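Colleague:
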Amino acid sequence: MIKATKQTMFLAILTVWWEAQGQFSPPFHMIIAKDGSGDFTTISEGISSAPSFSSIRFNIKLSAGIYAENIVINKEKTNLTIIGEGMERTIITGCRSKDDGIKTFETATVGKHIKPCKMYIWLTIFKYQYMSEINGDGFVASGITFRNTAGPEKQQAVALLTKASHLAFYKCSIIAFQDTLYAKRGYQFFRECEIYGTVDFIFGDATAVFQSCYISARKPLAGQSNTVTAQGREVSAGQGGFVIHNCIITATSELIASEYPVKTYLGRPWRDFARTVVMQSYLDNSIDPQGWLEFDSRSSDLDLYYAEYDNRGPGSATNDRVKWKGFRVIDSIEAYQFTVREFIHGDMWIPATGVPYTPDFIDWSGSLRRSFSSCKVFVLLVSILTTLPI
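Per mature numbering (1 follows the signal peptide of the UniProt record, and there is no 0), the sequence shown runs over residues -22 to -1, 1 to 368.
(1) Does DSSP classify L282 as helix, strand or coil?
(2) Determine the burial state of A285: buried for a count of at least 16 other Cβ atoms within 10 Å of its Cβ, exposed for fewer.
(3) When you compare only the Cα positions, how much space is there between Q133 and Q156?
(4) In whole angstroms, what separates the C-alpha of P367 from that of S275?
(5) Does the structure place the segment 325 to 336 close enough to the segment 291 to 298 that three or more beta carbon pairs sit under 8 Å?
(6) Nearest CA to the CA of G269: which residue from T71, V256, D341 and F117?
(7) Within the same chain, show all residues whose beta-carbon is closer than 7 Å to that of S143, passing over the 5 residues directly before and after it, in chain order.
(8) Going along the chain, which residues of its own chain have a beta-carbon closer than 6 Å to the beta-carbon of T158, five neighbours each way excluded?
(9) When you compare each of K303, D338, G324 and K301 to A313 by their alpha carbons, which one comes out closest?
(10) Compute the Euclidean distance between the alpha carbons of I21 and I60, then round it to the nearest angstrom.
(11) Under the rule that 16 or more other beta-carbon atoms within 10 Å means buried, what is H323, buried or exposed?
(12) Would you list the one or two residues that DSSP bridges to G245?
(13) Straight-line CA distance for L271 to A229?
(14) Given a threshold of 16 other Cβ atoms within 10 Å of its Cβ, counted over all protein chains shown, does F31 qualify as buried or as exposed?
(15) To the nearest angstrom, report how far apart residue 378 and G291 are at their CA atoms.
(16) Between which two residues does the beta strand (DSSP E) holding A195 run?
(17) Helix or strand or just coil, what does DSSP make of R253?
(18) Considering only C-alpha positions, which residue in the set T71, F305, A154 and T140 is nearest to S277?
(19) In terms of residues, what are the limits of the beta strand (DSSP E) holding R319?
(20) Mapping the DSSP letters down to three states, classify K132 as helix, strand or coil.
(21) Specify the secondary structure class of A184 as computed by DSSP and reduced to three states.
(22) Out of S231, C191 and D183, state which residue places its alpha-carbon closest to the alpha-carbon of Y335.
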């Protein structure tokens, strides 16, 4: 997998006391295993046999391995959970890219199937016969890596494309270069996931919260800049927006060791009313002091909404941020609307997925501190916090 910096340890310690104290291991209704030890040997058979329009959750265990097949999850496959055996062991990989002469959404490892990639595997999810998205409401994935290995020279190459209501991803890894995660539309929640990429590597117009995730910029082509987000809200009254909450935003070791300079920004506006909020997160020194990047010459005058609140780390200083009319440093009153509880109405649907979440702000000095079950763990966390640059 991707080589990590020392902030990986920081994230690992934090997960001890983030409100998920135990394993995400609901009872399974089906097991898919290539070795024949389960109910089915292919994902296609398992998904096909799952109930349609289910009002209760149907849990599938996806055993470790590489699954080279074409998967169809139509809109009738609601409340479906697929749980792998960990992002290191259950890996779904593709290699399609825009350089192949196809559209961006068609490149997705989780997306429309165009043709197989030699020596790789792919997962394809259709809506009807021509669309390419996860379209089953209530879909949950855990312990799986979604990866597109096309490489930075191949232009856009999506690893995961999501479009449905009330989607949740827990402890998944999403790896590509440009356009890694296409969060297209719908309420979406990503918890304790790892997301790697270069240009616009989290993009789309979903209403999404990324909580307690590890977001790492990779080494792009020479002359390129990294942009973590490219949010695409098209109307001022639109619901879409990205919230990065209690995450670590950092750089891979390959980027740190790059022989040419690379600037990394929190995002750029893909559409005129782009909305992205970064709050209570750790930003390392890979983040450019400007913070945000123009998409074109109009960006500084757009009615976008870019905001930062209560961040820490050497990349969190806002003195030299862009002077756009749409950028602001906000207080707790304004930031509260971007919590899981308010922004994606998480209390109404996340508990049913089984994925842990923090509904409100992270209180570093108060109640969450008291949630430590081990004084030794607390001392270790404090020691890391005090040695990390802030």
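For every residue, glycine included, the Cβ atom is placed at its ideal position computed from N, Cα and C.
Computed from a predicted model, the values in this text were never measured in an experiment.
Modeller: Judging by the given coordinates:
(1) coil
(2) buried
(3) 6 Å
(4) Confidence at P367 is low in this model, with a pLDDT of 46, below 50, so its placement is unreliable and the value that follows should be read with caution. Distance between the alpha carbons of P367 and S275: 34 Å.
(5) no
(6) V256
(7) D115, G164 and Y165
(8) A137, I152, G175 and F179
(9) D338
(10) 10 Å
(11) exposed
(12) T207 and W270
(13) 17 Å
(14) exposed
(15) Since the first residue of the chain shown is -22 and the last is 368, residue 378 is not available in this structure.
(16) Y192 to A195
(17) strand
(18) F305
(19) It is not in any beta strand (DSSP E) - R319 instead sits in the alpha helix (DSSP H) that spans V318 to F321.
(20) helix
(21) coil
(22) C191
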